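**Q** For reference, the structure I am asking about is given below.
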Amino acid sequence: MPNRLDLPAGFRWGVSTAAYQIEGAVDEDGRGPSIWDVFAARPGTVRDGDTGAVTCDHYHRWPEDVALMQDLGIDTYRLSVAWPRIQPHGTGPANPAGLAFYDRLVDALLAAGITPLPTLFHWDLPQALEDDGGWLNRDTAYRFAEYTAAVADRLGDRVPAWITLNEPFVHMVYGYALGIHAPGRTLMLDALPAAHHQLLGHGLAAAVLRERGLDVMIANNLTPVRPATDDPADAAAATAYDALHNRLFTDSILLGRYPDLSAYGMTEDLGGCVRPGDLALIAGPGLDALGVNYYNPTRIAAPTEPGLPFTEAEIEDVPRTAFGWPVVPDGLRELLVGLRDRYGATLPPITITENGCSVADEVHPDGTVPDPDRITYLAGHLDALAAAAAEGVDVRGYCTWSLLDNYEWAEGFSQRFGLVHVDFATQKRTPKASYGWYRDLIATHRSQIPR
Ligand code: IFM
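When you line the sequence shown up against numbering that gives the first Met the number 0, it's residues 0 to 450, in that order.
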């Protein structure tokens, strides 16, 4: 059985974070309000009323965080750029102080031997754009391309590859269909234009990046979908779920078409929001690598009540994270081999842009943070990644979620995903046992496999 030390030569090791989850400083240097500032301030939206106003205070403490990354020995740091720092109201000239923050960070990362891999949109839309309809408004896609140009013009001389969007599926479903995340809309299937307009924004931004000679990626949250039983009704439900969760965001970009969503009563033009030529704009620029965020598989059964064409079933007899998510490392291999089988030569190289788990970590009296469950989780998933590579999937890198414990959206500070423990009262950073484990793994892999 291949294991993590068999990952290919040139494999790039990394960590991921996102702006609203770590930066804080929401009112500083001209940053405008984002949908998360507004949503989190509304009573009852986020556990314990937590907000991202301070979180890890990375906006001020980034030199310490870069030093932690340098000691870890990573190749890649996947961060995100906060659109409201660059364009406080979502349009118009770029805010020099916002650009300067990322400029300093990029220079410090490069000096530490780390390549920045920025995501342009990780859910913190400027509130002013939400006031005009957010991603339900087609115009937001064009605004996104303008913002992309401003950031790429400033940093593109030093940053070779860019991720346009983070998890457009989750943003559509949690933000626009169910209202669990900002902007808190509860539109159910009427949320689909938010998917299409994000994808259109991806395509337009990708063209902007391409014009500047930069590499383009997207970070999709993908899941292998397993029918609950071999009953054909469960299989049909699984096919419908796969179309919505996965294929909507991969068929469009890789094949230039949307999957069949007729099980949802949807026409090919997603109820009228897709205009002629849109799919060519979405797929046209292509991808240099597909970013995959993997956490767990999904088990799907036939619906038990009218409404959606599926129901989610429990995955039984597996360990669970503190969040309650099932731990199924082989699901990563299954997902990647499935993508390769589905898309063949059209599948670009894969980078895992997120993978990790929440654990109820605590600093022990001796100052250590033992997190054996996280080490087991990471080891299992990296072995599964090596198994996918051995089956011929072109895997180029892995960024674990996350460097730091941080603001876990509607769960506030209750879920700790970091390799580094953060005391949110004092901002003290304490590397966990998994940090040392990951550092040693990177060093060992590098020493065994010539770069
Ligand atoms: O914290 C999130 C991240 O912002 C997007 N992907 C999943 C992570 C864990 O829930």
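Here a beta-carbon is modelled for each residue, glycine too, at the ideal position from N, C-alpha and C. Keep in mind that this is a model prediction, so the values were computed, not measured.
Hey, could you find the ends of the alpha helix (DSSP H) isoleucine 217 is sitting in?
**A** Along the sequence shown, one-based indexing puts residue 217 at 218. From DSSP, isoleucine 217 is part of no alpha helix (DSSP H) but of the beta strand (DSSP E) over 214 to 220.
**Q** Looking at the structure shown, is serine 413 part of a helix, part of a strand, or coil, going by DSSP?
**A** Walking along the sequence shown from the start, residue 413 turns up at place 414. If DSSP states are grouped into helix, strand and coil, serine 413 belongs with coil.
**Q** Over the uninterrupted alpha helix (DSSP H) stretch that includes tyrosine 342, give me the two end residues.
**A** Here residue 342 refers to the residue found at position 343 of the sequence shown. Its alpha helix (DSSP H) spans residues 329 to 342.
**Q** What I want to know is whether the C-beta of glutamate 166 ends up closer than 7 Å to one or more non-hydrogen atoms of the ligand IFM.
**A** Indexing the sequence shown from 1 puts residue 166 at position 167. At least one heavy atom of the ligand IFM is nearer than 7 Å to the Cβ of glutamate 166, so yes.
**Q** Beta strand (DSSP E) containing glycine 13: first to last residue?
**A** Stepping through the sequence shown from its first residue, residue 13 is reached at position 14. Looking at the DSSP string, the run of the beta strand (DSSP E) that includes glycine 13 is 11 to 15.
**Q** Find the nearest neighbour of tryptophan 324 within the set Arg256, Thr345, Asn354, judged by alpha-carbon distance.
**A** Position 325 of the sequence shown, counted from the start, is the residue given in the question as residue 324. Ranking the options by Cα distance to tryptophan 324, first place goes to Asn354.
**Q** Do threonine 163 and histidine 201 have their beta-carbon atoms positioned less than 8 Å apart in this structure?
**A** Numbered from 1 along the sequence shown, position 202 holds the residue referred to as residue 201. Numbered from 1 along the sequence shown, position 164 holds the residue referred to as residue 163. A contact, by the Cβ cut-off of 8 Å.
**Q** Exposed or buried, which one is threonine 185 when buried takes at least 16 other CB atoms within 10 Å?
**A** For the purposes of this step, residue 185 is identified with residue 186 of the sequence shown, where counting begins at 1. By the neighbour-count rule (16 or more Cβ atoms within 10 Å), threonine 185 is not buried but exposed.
**Q** Please report the straight-line C-alpha distance between isoleucine 34 and glycine 391, rounded to a whole angstrom.
**A** Here residue 34 refers to the residue found at position 35 when the sequence shown is read from its first residue. Here residue 391 refers to the residue found at position 392 when the sequence shown is read from its first residue. About 41 Å.
**Q** Among Trp408, Thr375, Arg415, which one has its Cα closest to the Cα of tyrosine 437?
**A** Counting from one through the sequence shown, the residue named residue 437 turns up at place 438. Per the Cα distances, Thr375.
**Q** Regarding glutamine 20 and the ligand IFM, is the C-beta to nearest heavy atom distance less than 7 Å?
**A** Indexing the sequence shown from 1 puts residue 20 at position 21. Yes, the Cβ of glutamine 20 comes within 7 Å of a heavy atom of the ligand IFM.
**Q** Return the bridge partner residues of tryptophan 400 from the DSSP annotation.
**A** Locating residue 400 in the sequence shown gives position 401, where the first residue counts as 1. DSSP, once it has assigned bridges, lists Ser15 as partnering tryptophan 400.
**Q** Since tyrosine 76 and leucine 108 should fall inside the 8 Å C-beta cutoff, what is the C-beta to C-beta distance between them, to a whole number of angstroms?
**A** For this step, residue 76 is matched to residue 77 along the sequence shown. For this step, residue 108 is matched to residue 109 along the sequence shown. Confirmed, about 6 Å.
**Q** With which residues is leucine 78 paired in a DSSP beta bridge?
**A** Reading the sequence shown from its first residue, position 79 is the one you call residue 78. Per DSSP, Pro117.
**Q** State yes or no: is the C-beta of leucine 402 within less than 8 Å of the C-beta of valine 14?
**A** Counting from 1 along the sequence shown, the entry for residue 402 is found at position 403. Counting from 1 along the sequence shown, the entry for residue 14 is found at position 15. A contact, by the Cβ cut-off of 8 Å.
**Q** For alanine 18, I'd like the list of residues in its chain whose CB is within less than 8 Å of its CB, leaving aside the five on either flank, ordered along the chain.
**A** Numbered from its first residue, the sequence shown carries residue 18 at position 19. The residues are Leu78, Ser79, Val80, Ala81, Arg84, His121, Asp123.
**Q** Classify proline 87 as helix, strand or coil using the three-state DSSP reduction.
**A** In the sequence shown, counting from the first residue as 1, residue 87 sits at position 88. Note: proline 87 maps to coil in three-state DSSP.
**Q** Restricting to runs no shorter than 4 residues, where is the alpha helix (DSSP H) found entirely within the stretch 251 to 311?
**A** Whole alpha helix (DSSP H) segments, 4+ residues: 277 to 282.
**Q** Does the pairing of the stretch 296 to 309 with the stretch 218 to 233 give three or more beta-carbon distances under 8 Å?
**A** Yes: the two stretches touch, three or more of their Cβ pairs being nearer than 8 Å.
**Q** In three-state DSSP terms, what is serine 33?
**A** The residue given as residue 33 occupies position 34 in the sequence shown. The answer is strand: DSSP assigns serine 33 an E or B state.
**Q** Out of Ser357, Val419, Ala312, which has the shortest C-alpha to C-alpha gap to aspartate 70?
**A** Working through the sequence shown from its first residue, we reach residue 70 at position 71. If we check each option's Cα against that of aspartate 70, Val419 comes out closest.
**Q** Quick check on glutamate 129: does DSSP put it in helix, strand or coil?
**A** Sequence index remark: in the sequence shown, residue 129 carries index 130 (1-based). Here glutamate 129 sits in helix by DSSP.
**Q** Are the CB atoms of valine 215 and alanine 151 nearer to each other than 8 Å?
**A** Walking along the sequence shown from the start, residue 215 turns up at place 216. Walking along the sequence shown from the start, residue 151 turns up at place 152. No. Outside cutoff.
**Q** Which residue from Ala386, Asp382, Asp404 puts its Cα closest to that of glutamate 361?
**A** In the sequence shown, counting from the first residue as 1, residue 361 sits at position 362. Checked all of Ala386, Asp382, Asp404; the closest Cα to glutamate 361 is Asp404.
**Q** Do you know how far the Cα of glutamate 63 is from the Cα of phenylalanine 143?
**A** As a working mapping, residue 143 is identified with position 144 in the sequence shown. As a working mapping, residue 63 is identified with position 64 in the sequence shown. So the alpha carbons of these two residues sit roughly 31 Å apart.
**Q** For threonine 303, count neighbouring Cβ atoms within 10 angstroms of its own Cβ and tell me buried if that reaches 16, exposed if not.
**A** Reading the sequence shown from its first residue, position 304 is the one you call residue 303. By the neighbour-count rule (16 or more Cβ atoms within 10 Å), threonine 303 is not buried but exposed.
**Q** Hey, how far is the Cα of arginine 157 from the Cα of glycine 51?
**A** Position 158 of the sequence shown holds residue 157. Position 52 of the sequence shown holds residue 51. Each residue's alpha carbon lies about 29 Å from the other.
**Q** Is it the case that the stretch 243 to 254 contacts the stretch 311 to 330, given that we only count it when at least three CB pairs across the two stretches are under 8 Å?
**A** With the cut-off at 8 Å, the stretch 311 to 330 and the stretch 243 to 254 do not touch.
**Q** If you draw a straight line from the alpha carbon of glutamate 27 to that of tyrosine 58, how long is it in whole angstroms?
**A** Taking the first residue of the sequence shown as 1, we reach residue 27 at position 28. Taking the first residue of the sequence shown as 1, we reach residue 58 at position 59. Using only the alpha carbons, I get a separation of about 9 Å.
**Q** Taking the alpha carbon of valine 105 as the point to measure from, which residue in Leu128, Pro92, Gly155 has its own alpha carbon closest?
**A** To locate residue 105, count along the sequence shown from 1; it is residue 106. Comparing Cα-Cα distances from valine 105 to each of Leu128, Pro92, Gly155, the minimum goes to Gly155.
**Q** What residue range is occupied by the uninterrupted alpha helix (DSSP H) comprising glutamate 63?
**A** Translated into the one-based positions of the sequence shown, residue 63 becomes position 64. From DSSP, the alpha helix (DSSP H) with glutamate 63 extends over 57 to 71.
**Q** Using only the alpha-carbon positions, how far apart do aspartate 455 and arginine 60 sit?
**A** Because the chain in this structure spans residues 0 to 450, residue 455 falls outside the shown range and cannot be described.
**Q** Could you tell me whether the Cβ atoms of leucine 456 and alanine 181 are closer together than 8 Å?
**A** Nothing can be reported for residue 456, as the shown portion of the chain is limited to 0 through 450.
**Q** Helix, strand or coil: how does DSSP classify leucine 454 here?
**A** One cannot answer for residue 454 here, as it falls past the ends of the chain, which runs 0 to 450.
**Q** Assign isoleucine 349 to one of three DSSP states: helix, strand, or coil.
**A** The sequence position of residue 349 within the sequence shown is 350, counting from 1. The answer is strand: DSSP assigns isoleucine 349 an E or B state.
**Q** Under 8 Å between the Cβ atoms of threonine 352 and valine 291?
**A** In the sequence shown, counting from the first residue as 1, residue 352 sits at position 353. In the sequence shown, counting from the first residue as 1, residue 291 sits at position 292. A contact, by the Cβ cut-off of 8 Å.
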